[in-house]
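In order, the protein sequences belong to chains X, W and A.
So the first sequence is numbered by the working numbering: it starts at 717 and just counts up by one.
So the second sequence is numbered by the working numbering: it starts at 21 and just counts up by one.
So the third sequence is numbered by the working numbering: it starts at 2 and just counts up by one.
Single-structure report; data block below.
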Amino acid sequence: MLNYIIRRVLQIPLVLFVLSLIIVGLMQLLSPQQRAAAFVTSDKQIEHLDQIIEKYHLDEGFLVQYGMWAREVLKGNLGFSRISKEPVTTTIRKRFPASVELALAAFVPIVLVGVFLGTIAAVNRDKLIDQVLRVVAIIGWSLPTFVMAIWLVAWVYGGLGWFGIGRLPNEMLIDLATSNFHQYTGMYTIDGILNGRLDVTWQALIRLVLPATALVIVVSAGIMRVMRSSMLDELGKDYVRTARAKGLTENRVIYKHAWRNALIPVITMAGPMLGRMIGGIVVIELIFNFPGLGEWAAKAATQLDMTTLLAFVMLIGLIMATVNLLVDIAYVIVDPRIRYE
Amino acid sequence: MKKRLITLVALALFGAAFAATPKDTYVYLQSAVIDSLDPVQAYDGASIGILENVYETLYSFKKDSLGEYEPTLATSYEVSADGMTYTFHLRKGVKFHSGNPMTCKDVKYSMQRNLVTMPGDSGAWIFGSVLTGYGDDAMTEAKRALGDNASQADIDKFLDEYWKKIEAAVTCDDMYTVSFHLAKPDVAFFARLLFTGGAVVDSKWAIEHGEWSGTEKDWKDWIGVDLRTGYLHNHASGTGPYKLVKWDGNNVVAEAFDGYWGGEPAIKKVLVQSVEEESTRLEALARGDADRIDVNDWATVNAKVKQMSGVKVWSDPSWSPAAAHVVFFNFNVEGENNPYIGSGKLDGNGIPRDFFSDINVRKAFAYCLDQDAIYNDLFEGHGSWYTMALPPTWPGYDPTIPIRKLDLDKAEEYFKKAWGGQVWEKGFKLTITYNAGNTERQTVAEMIKANVESLNPKFKIDVVPLQWSDYLKAARAKSLPIWPLGWGADYADSDNFIHPFYHSRGSLAKRQNFKDPEIDKLIDYARTLVKPEQQAERYEIYKKIGRMAYDELPNIPYPLQSPFIVTRDNVQGVYYNSMISRDFYWKDISKK
Amino acid sequence: MSNSELLEPRRERWYESKRFKRFRRNPLAVIGVVILLFFSFVGLFAPALTADRLGRACIRDLGMGRSEVRQVLRDPLDLRFWKTMLVPPKSCYNIPRVSYSPRPKPPSKKYPMGIASGGYDIYYGIVWGTRTSFFIGILVVGIVMVIATVVGGVAGLFGGWLDNLLMRLVDVVYSIPSLVLAMVFASIFGRGLIKTMIAIALVAWPIYARMLRGNILQVKAQDYISAAHAVGVGNLRLFFKHILPNAIGPMVILASLDIGAIVITASTLAFLGLGADVGYADWGQMISFARSWISNPGGEPLKYWYVWFWPSVAIALFVLGWNLLGDAVRDALDPRG
């Protein structure tokens, strides 16, 4: 088992390496002028394209370009982000907590809602509640995240005036900048408590509600469906029938036995779910004005800031690989039949 | 309005708004993102919008006047008889935010820092081109002059000469007198000094924090450097009424400087936040979370902002932006296998390279651009008419020059005359390009297409958005046959428009292969009129050029959106100056 | 009744099979099919449904006058009617601009769904956008299947280190959330419908390649294959004639049913400003026009509802239809759930 884990961990850098090759390789499809153009913000600098090409060695071949980038990365320098106008590592340090805060705020409800509703649907198979839940789930799953986000902004925030946009109210931001507020984690909910500023925590929480809701609706639908179908699987199995025949109460049968086994496929879904969530976070940060990694990457994509995109993809790749590894380990713990060599 | 019990409860429960920002705090939500807070590096509106309040130049704009200037860090100045030396007398007793006193040393350092670094994507060329005579940094100029295979010795020699020019450009006659020595007489030098690149930086503080030492010792290390990696990129010590507290990429926090020589301003705290989503900015304004916001266009102002209570829209028909937008014609399209000219022949499937060299073609196109629709539909009636490629409020503008409005009959008439009738008979196919994402230019292009195509089924026009990179490439290669473009002012002198648009070697006219030797002569002559008493003559020349441009039609000027400022109604003292990046200085406003 | 008929069992038609009966009885499946049929109808007859509001360039490219067009497109007996339905000119996919005003106008008799910012006729955009959505879905799936077949097929056929390498490649691409990678590819390739579709396809193929490879291995392990092999049937012949055809079926079905997810990714990219050129009839793009008009601070909140409502409902319904269908087919094929 330990061998397996070590092997998997060692594979991660390899995956990142291949990813970087792919992206840098694709960039080479663009001519040096096209790539230089990404550095030029106004028409007036048109004469400087050649200078830029020379400065950043954009006319060199793929291997040279990749080599230069790789050398810097190994030194710990991920480059300068033209989107955030500061070194990439600085931006990641600042924005990572914002996205994580959002992800965590959504993650718990997603799991709870998905698992809970999925179980209810399975247990009440084909009854009205099951039908209703299935319809709700499939509608939620069919909505693009940005559509959900837009509806929430329009109706709940715009129409009803509830909650807020952005991580914190503007006045609070000024206040924090000029006071002794120390950013321990970068997450306002936690830092608020650590600094003794519960008003900060409160405001941060309020502003997390809408973006998290958008994520929850879309992603928990997927979890719900998987939970339901795997629960139904379990409930149809022999051991359940046996347990019932033996006289165990229905609840005990469901929750002590079937439920735990039904969770296994749901854990498998954790990877793809996280993927869908990250995709959703990108759009949600844009619409709700959250300065997180997703917003940063979305801008980098439209403005072709390769340095930023490369760093972002690497980071996401790392996160996903780690999560997938953790999922696989959890899988082993939960299902004693699985063994890896 | 929904200000009923429910909203109050919601406010209390959800704290959805901090009703109004305090009286001494100014919150501005803008759409753009700041590039750099280094005065030499910054060349975009958002960055300059901060710099113009944190740093100061020798003279600055006097509220909303374009022609009158306020002595700021200098109290008076003289120009030598030959126009090559400008001597400024500095204000005494001015302190930087760090506490250091401002003297000539700082002025010299700040200007020479421009000349040493000359970042390619900055505005330093504005000074370099007249102080050292070079528009690019030393290494680039060396390579350009000596070729790629120059020896190190030659390069060093060139660099030494370049340094000598930098040294000679700015001198300190004494602690409070600075002289600028031009490489050649320049009619706009004083205006150039108002550009934030010339802002005075605290040299002692900068050097202490790792910036250039100010001497020949390490100047070569700073040639062409991207200043976004330096200390001044996100830290500041200037003389301005506000000091930079912090900039975290999205938010700038500034505080009033209590040692400011001009006295303390009413607004004590400023937050400038970059918010890309317009609806978010509008929400904040409606709730009073922001005191000023950027709004995209008049349609949004009329549709949304005017419905809000507690909000004021500042505007005046006399305001016009320091910019000009035109549709360019290319007199001789270049580029092998150019997709924008189709077959390259007048056969109905393309256009010949010199298609637009026939004045009839240009006139026909001009009569196909519906300027009224731009003015009324796009700008909802709030626009500035342009008779020539110069802002209407600038000297040298002639408002009496006619504007060609939509006239399909005339257009047809000229098309029939074009190229001896062949255009009408055979038809043509060409591509109008615009840089993707710019809705105004897209609209102009589509308007032209719609009207031209309606005249004759053999006229085919494709409207193609170009990615920024492709657009730059094509523009440089002079391969665009016809395209809309805009130009914003760098410094407050009319030559900053006249030359690029009308001189055959001007940066814009160059791309269209336009050359009128007479106009060139006039512009060159105008540049020699540097004395104050010669300015009237200079402006008459510009008016004349405008009239010649009407007849020759190298480009079609079209209306621009009329500027407006949107604030909460308790903000007072707002004015509009087209050369102040964010329209007014923070120090001049207050809140009731 | 001859003897042979008595002895041979009658071949069950697909619509008589148990699976189909299960499918038919599922109300959600029926709804899904109905939704998709509705969209198919709208998409196919888009030119006829918008005959009275076609753009000038579209009419010119059809080679007819404006009133002639209106007549022809209402007359199913005219051959030109069908020609237009099946292959309308490219310029017809650009939404006509009724005015140049950035302000949207509410639904009216002439413009039943309203006018979006920039003067775009929303009804036209929704109708023709149906075609775009089908294109995107079908074309992307097509490209995905080609790539997946090649990669999965090669991996399954050759096995060994090639298989390993390709499956690791699959892992790498799969390890990034599809939207993120699609964003990167789309921004490199630039705007344009085809380029965006390629970007999405490049991101979506891994899971199908892996599935195909798995199926191939399964089929390979079957008895009849090893029997044929023993008898001396060539490897390649075996592969292309027997293994691949049997393995590919499930992949094709499942890929087709994921059109919903593909449309979601495409519309998200369009919303972000990657995707088809500005003005092209695409639902996601229409929502990006609407971005500034979703909320109306300080005024009537849902005043400009029509700008975002119609395209978002169109996307949601379209994707819903595919997902319902997909779910139902999966359910029918796999009786456990």
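Beta carbons: idealized from backbone N, C-alpha and C, even for Gly.
So that I know if they touch, is there some Cβ in chain A lying closer than 8 angstroms to that of isoleucine 54 (chain W)?
It does not; no Cβ of chain A falls within 8 angstroms.
Mind reading off the beta-carbon distance from methionine 943 (chain X) to valine 831 (chain X)? Whole number of angstroms is fine, and I expect it under 8 angstroms.
Going by Cβ atoms, the distance from methionine 943 (chain X) to valine 831 (chain X) rounds to 5 angstroms, so yes, they are a contact pair.
Which chain W residues sit within Cβ distance under 8 angstroms of isoleucine 295 (chain A)?
Per Cβ cutoff of 8 angstroms: Ser299.
What is the residue span of the beta strand (DSSP E) that asparagine 271 (chain W) lies within?
Per DSSP, asparagine 271 (chain W) belongs to the beta strand (DSSP E) from 271-276.
Classify glutamine 391 (chain W) as buried or exposed, calling it buried when 16 or more other Cβ atoms lie within 10 Å of its own Cβ.
Classification of glutamine 391 (chain W): buried, given that the 10 Å Cβ count is 16 or more.
Which same chain residues, not among the five before or five after tyrosine 1047 (chain X), have their C-beta less than 8 angstroms away from its C-beta?
Same-chain partners within the cutoff: Ile980, Ile983, Thr984, Ile1054.
Could you please give the first and the last residue of the uninterrupted beta strand (DSSP E) stretch that includes glycine 178 (chain W)?
The identity of residue 178 (chain W) in the sequence shown is phenylalanine, whereas the question assumes glycine. Note, phenylalanine 178 (chain W): premise wrong, no beta strand (DSSP E); alpha helix (DSSP H) at 172-189.
Where are the alpha helix (DSSP H) runs, 4 residues long or more, that stay fully inside the stretch 223-270 of chain A, in chain order?
Within the stretch 223-270 of chain A, the complete alpha helix (DSSP H) runs of at least 4 residues are 224-232, 236-239, 245-258.
In chain order, what residues of the stretch 466-477 of chain W put their CB closer than 9 angstroms to some CB of chain A?
The residues in question are Glu466, Met467, Lys469, Ala470, Glu473, Ser474, Pro477.
Excluding the 5 residues flanking asparagine 590 (chain W) on each side, which residues of the same chain have their C-beta closer than 7 angstroms to its C-beta?
Contacts found: Lys611, Lys612.
Find out if the Cβ-Cβ distance for the pair leucine 270 (chain A), alanine 187 (chain A) is shorter than 8 angstroms.
Yes. Within cutoff.
Give the secondary structure of leucine 486 (chain W) by DSSP, where H, G and I count as helix, E and B as strand, and everything else as coil.
In the structure shown, leucine 486 (chain W) sits in a strand (DSSP, three-state: E or B).
Any beta-carbon of chain A closer than 8 angstroms to the one on asparagine 316 (chain W)?
True, the Cβ-Cβ gap to chain A drops below 8 angstroms.
Chain A beta carbons: is any one of them nearer than 8 angstroms to that of threonine 1018 (chain X)?
Judged by the 8 angstroms Cβ criterion, threonine 1018 (chain X) is in contact with chain A.
What residue range is occupied by the uninterrupted alpha helix (DSSP H) comprising glutamate 90 (chain W)?
First-last for glutamate 90 (chain W): 89-91, but that is the beta strand (DSSP E), not the alpha helix (DSSP H).
Mind checking the stretch 131-165 of chain W against chain X and listing, in chain order, the residues whose C-beta falls within less than 7 angstroms of any C-beta there?
Those residues of the stretch 131-165 of chain W that come within reach of chain X (Cβ to Cβ, closer than 7 angstroms) are Gly140, Asp141, Thr160.
Are the CB atoms of proline 105 (chain A) and serine 92 (chain A) nearer to each other than 8 angstroms?
No, they are not a contact pair.
Glutamate 303 (chain W) CB to nearest chain X CB: under 8 angstroms?
Yes, its Cβ sits closer than 8 angstroms to a Cβ of chain X.
Quick check on leucine 718 (chain X): buried or exposed, where buried means 16 or more other Cβ atoms within 10 Å of its Cβ?
Label assigned to leucine 718 (chain X): exposed.
If you count every other CB in all the chains shown that lies within 10 Å of the CB of valine 88 (chain A), and 16 or more means buried, which is it?
That one is exposed.
What would DSSP say about lysine 344 (chain W), mapped onto helix, strand or coil?
First, the amino acid is wrong: residue 344 (chain W) is alanine here, not lysine. In this structure, alanine 344 (chain W) counts as strand in the three-state DSSP scheme.
DSSP puts tyrosine 48 (chain W) in a beta bridge; with which residues?
Note: tyrosine 48 (chain W) sits in a beta bridge opposite W:Val292, W:Arg312.
Between which two residues does the alpha helix (DSSP H) containing lysine 196 (chain A) stretch?
Its alpha helix (DSSP H) spans residues 194-205.
In chain order, what residues of the same chain have a beta carbon less than 8 angstroms from the beta carbon of serine 296 (chain A), not counting five sequence neighbours either side?
Cβ within range, chain order: Pro302.
Counting only C-beta atoms, is glutamate 1057 (chain X) closer than 8 angstroms to chain A at any point?
Low confidence applies to glutamate 1057 (chain X): its pLDDT is 45, below 50, so where it sits in the model is not reliable enough to give any reading.
Any Cβ of chain A within less than 8 angstroms of the Cβ of glutamine 581 (chain W)?
So no, glutamine 581 (chain W) is outside the interface.
Taking 8 angstroms as the threshold (beta carbon to beta carbon), is arginine 923 (chain X) in contact with chain A?
Not an interface residue.
Listing by chain order, which chain X residues have their CB less than 8 angstroms from the CB of asparagine 324 (chain A)?
Ile854, Trp857, Ser858, listed in chain order.
For the stretch 98-128 of chain A, enumerate the residues whose C-beta is nearer than 9 angstroms to any C-beta of chain W, in chain order.
Result list: Arg98, Ser100, Tyr101, Ser102, Pro103, Arg104, Pro105, Ser118, Gly119, Gly120.
Could you check whether the stretch 280-300 of chain W touches the stretch 251-262 of chain W, counting it as contact only if at least three pairs of C-beta atoms, one from each stretch, sit closer than 8 angstroms?
As far as the Cβ criterion goes, the stretch 280-300 of chain W touches the stretch 251-262 of chain W, which means the pair count is three or higher.
Use the C-beta contact count for arginine 723 (chain X): other C-beta atoms within 10 angstroms, 16 or more gives buried, fewer gives exposed.
Arginine 723 (chain X) is exposed by the Cβ-count criterion.
Give me the DSSP bridge partner(s) of isoleucine 371 (chain W).
Note: isoleucine 371 (chain W) sits in no beta bridge, so no partner.
Closest by CA to glutamate 788 (chain X), which one among X:Ala1027, X:Val916, X:Leu1002, X:Ile808?
When only C-alpha atoms are compared, the closest one is X:Ala1027.
Beta-carbon of aspartate 268 (chain W) versus every beta-carbon of chain A: anything under 8 angstroms?
For aspartate 268 (chain W), the answer is no, since every Cβ of chain A falls outside 8 angstroms of its Cβ.
Can you tell me whether arginine 164 (chain W) is buried or exposed, with buried defined as 16 or more other CB within 10 angstroms of its CB?
Label assigned to arginine 164 (chain W): exposed.
Take alanine 304 (chain W) as the anchor and find which of W:Pro583, W:Tyr605, W:Met568, W:Leu49 has the nearest alpha-carbon.
Nearest option by C-alpha distance: W:Leu49.
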